[in-house]
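J.: To start, I am sharing the structure in question, which I have written as structure tokens.
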Amino acid sequence: MTTRSDTTTALNRLLAEIEHRNPAQPEFHQAAHEVLETLAPVIAARPEYAEPGLIERLVEPERQVIFRVPWQDDQGRVHVNRGFRVEFNSALGPYKGGLRFHSSVNLGVIKFLGFEQIFKNALTGLGIGGGKGGSDFDPHGRSDAEVMRFCQSFMTELYRHIGEHTDVPAGDIGVGGREIGYLFGQYRRITNRWEAGVLTGKGQGWGGSLIRPEATGYGNVLFAAAMMRERGEDLEGQTAVVSGSGNVAIYTIEKLAALGANAVTCSDSSGYVVDEKGIDLDLLKQIKEVERGRVDAYAKRRGASARFVPGGRVWEVPADIALPSATQNELDEADAETLIRNGVKAVSEGANMPTTPEAVHLLQKAGVAFGPGKAANAGGVAVSALEMAQNHARTSWTAARVEEELTHIMNDIHTTCHETAERYDAPGDYVTGANIAGFERVADAMLAQGVI
């Protein structure tokens, strides 16, 4: 009989092997460690999961594609970026995950994101596998024409690896409606097919879904609200700190306001804004979505209630709830100590792995409700899957129907994570609950389909 101790030893050996086989990929190492360190109880309880090769297959992508992306800027200069698509696991359905365009993108970052996506997608219950892609191209400061030329070059290679029944990319950091439009146009031009289900996050007039832009932020707040209800509270009257000022942060702030909470911060790489009256969403959208400006402009135009803190961290601002919504590892141990000292009740991840492992453990030890990204920010991919369903049926749903479906999915994810944690003697540990619940769904499908 396999004991939990034996299982832990085997998992530790596997983690060492992952680091050896994937050198210089710290983000992927971190993501693998965060999942595998929670699996010993379920593997010990269900011997079929200890089958040789199961977890080894789970941590190895089914396919990794790396390609060059040449493009010309407006002055005619040629640039060469690197493109990636990691198709990690398709046991539950076609690969599904966004494209990230940012200078920090490398293979290790894409693999960490793709690995997280496996479990996040499994938690939605919607039959989608896990994948991720992107490029080290940064669209910030580039003209529309330059972004178009880059996207067309990127899709000229990527198109051969994707399809509505194979791999369905979406947006992520640096890839919004503009980029998805250019990518879809080039896919359609190359393939001579109107295959709406090949990309999600499309415009509403040509195959997109209502509520898709809002879905990740809305879903994160719905998950936070569910955690608060479990503690006997709600969001009404709570103060929230939100990091970031992109799509996820904007719609996190919007949903917080709708549920009666007051978000007082937003940020970008230059620093953060704190607004004592609460973030003025119309002004923030104008600056970030229309003007593509920086958050310091918000403070200048908002008036006396707002101030900009250059180079600062939003976690310095006292709040009841924290929602990291920018990028990976943005909330560290020192930030967690500050939040705890200021009386934070819940932390819910809108970004992918924005909290370091040390900070997670500190928050959990202090009794703070902690919603991991693979559960809390699953709303975006959930509505992407709903967009795929609408594309398949050649129809569109009302905003009310999509939001109702999103609310149901997020509440179901919360219940699944909570009940799974209790089943494995880890009550209130949403990290363990999310990891094990997602793992069980994927592992069962992998076992049923044989060694492939």
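Its first residue numbered 252, the sequence shown is counted upward by one per residue in this note's numbering. Ideal Cβ placement from N, Cα and C applies to all residues, glycine included. Computed from a predicted model, the values in this text were never measured in an experiment.
1. DSSP on Arg393, reduced to helix/strand/coil?
2. Look at the alpha carbon of Asn340 and the alpha carbon of Ile413, and state the distance between them as a whole number of angstroms.
3. Evaluate Gly497 with the Cβ neighbour count: other Cβ atoms within 10 Å of its Cβ, from every protein chain shown; 16 or more gives buried, anything less gives exposed.
4. Could you name the residues of the same chain whose beta carbon sits closer than 6 Å to that of Glu505, not counting the 5 residues immediately before and after it, in chain order?
5. Please state if the CB of Gly392 and the CB of Pro420 are separated by a distance shorter than 9 Å.
6. Checking 9 Å against the spacing of the C-beta atoms, do Asp583 and Ala491 come in under that value?
7. What do you reckon, are the CB atoms on Lys596 and Arg480 nearer than 9 Å?
8. Do the CB positions of Ala636 and Ile379 come within less than 9 Å of each other?
9. Can you find the residues in the same chain that come closer than 6 Å, C-beta to C-beta, to Phe318, ignoring five residues on each side of it along the sequence?
10. Report the CB separation of Pro605 from Pro575 in whole angstroms; it is logged as a contact under 8 Å.
11. Measuring alpha carbon to alpha carbon, tell me which of His280, Glu285 and Gly365 ends up nearest Ala610.
12. How is Ser520 classed by DSSP in three states: helix, strand or coil?
13. Count the other CB atoms, across all protein chains shown, that sit within 10 Å of the CB of Glu338; report buried if there are 16 or more and exposed otherwise.
14. Rounded to the nearest angstrom, what separates His643 and Pro345 at their Cα positions?
15. Comparing C-alpha positions only, which one of Glu367, Asp324, Tyr433 and Leu350 sits nearest to Phe279?
16. Which runs of the beta strand (DSSP E) spanning at least 3 residues fall entirely within the stretch 584-648, listed in chain order?
17. Measure from the alpha carbon of Gly381 to the alpha carbon of each residue in Ala373, Glu487 and His669, then state which is nearest.
18. Does the stretch 620-640 come within contact of the stretch 515-531, defined as at least 3 CB pairs closer than 8 Å?
19. By alpha-carbon positions, which one of Arg264, Ile462, Leu590 and His330 ends up nearest to Val320?
20. Got a sec? Which residues, its chain only, sit under 7 Å from Ala548 by beta carbon, not counting five neighbours each side?
21. Would you report the Cα separation of Ile369 and Val693, rounded to the nearest angstrom?
22. Which residues share a DSSP beta bridge with Trp322?
23. Under a three-way DSSP split, which group does Tyr675 fall into?
24. Just how far apart, CA to CA, sit Glu656 and Gly327?
25. Assuming Val705 contacts Phe621 under a Cβ cut-off of 8 Å, what Cβ separation, rounded to an integer in Å, is found between them?
26. On the criterion of 16 or more Cβ atoms from any shown chain inside 10 Å, does His416 qualify as buried, or is it exposed?
27. Would you mind reading off the limits of the beta strand (DSSP E) that contains Phe559?
28. Does DSSP put Phe690 in a helix, in a strand, or in coil?
29. Taking the CB atoms as reference points, tell me whether Ser494 and Ala602 lie closer together than 9 Å.
30. Anyone know if the C-beta pair for Tyr433 and Gln403 falls short of 9 Å?
31. According to the neighbour-count rule (16 or more other Cβ atoms, all chains shown, within 10 Å of its Cβ), is Gln700 buried or exposed?
32. Do Thr289 and Ile687 come within 9 Å of each other at the CB atom, strictly closer than that value?
33. Using only CA atoms, which one of Phe690, Thr589 and Ile703 lies nearest to Lys704?
34. Return helix, strand or coil for Asn443, following the three-state DSSP convention.
35. Can you confirm whether Pro608, when its beta carbon is compared against all beta carbons of chain C, has any partner nearer than 9 Å?
36. Do Gly458 and Gln641 have their CB atoms nearer than 9 Å?
T.: Taking the structure as given:
1. coil
2. 14 Å
3. buried
4. Leu532
5. no
6. no
7. no
8. yes
9. Gly334 and Glu408
10. 4 Å
11. Glu285
12. coil
13. buried
14. 14 Å
15. Glu367
16. 597-599 and 620-622
17. Ala373
18. no
19. His330
20. Ile538
21. 8 Å
22. His330
23. coil
24. 47 Å
25. Residue 705 is absent from the structure shown; the chain starts at 252 and stops at 703.
26. exposed
27. Ala557 to Pro561
28. helix
29. yes
30. yes
31. exposed
32. yes
33. In the structure as shown, the chain begins at 252 and stops at 703. Residue 704 is therefore absent and cannot be evaluated.
34. coil
35. Any reference to chain C falls outside this structure, which holds one protein chain only.
36. yes
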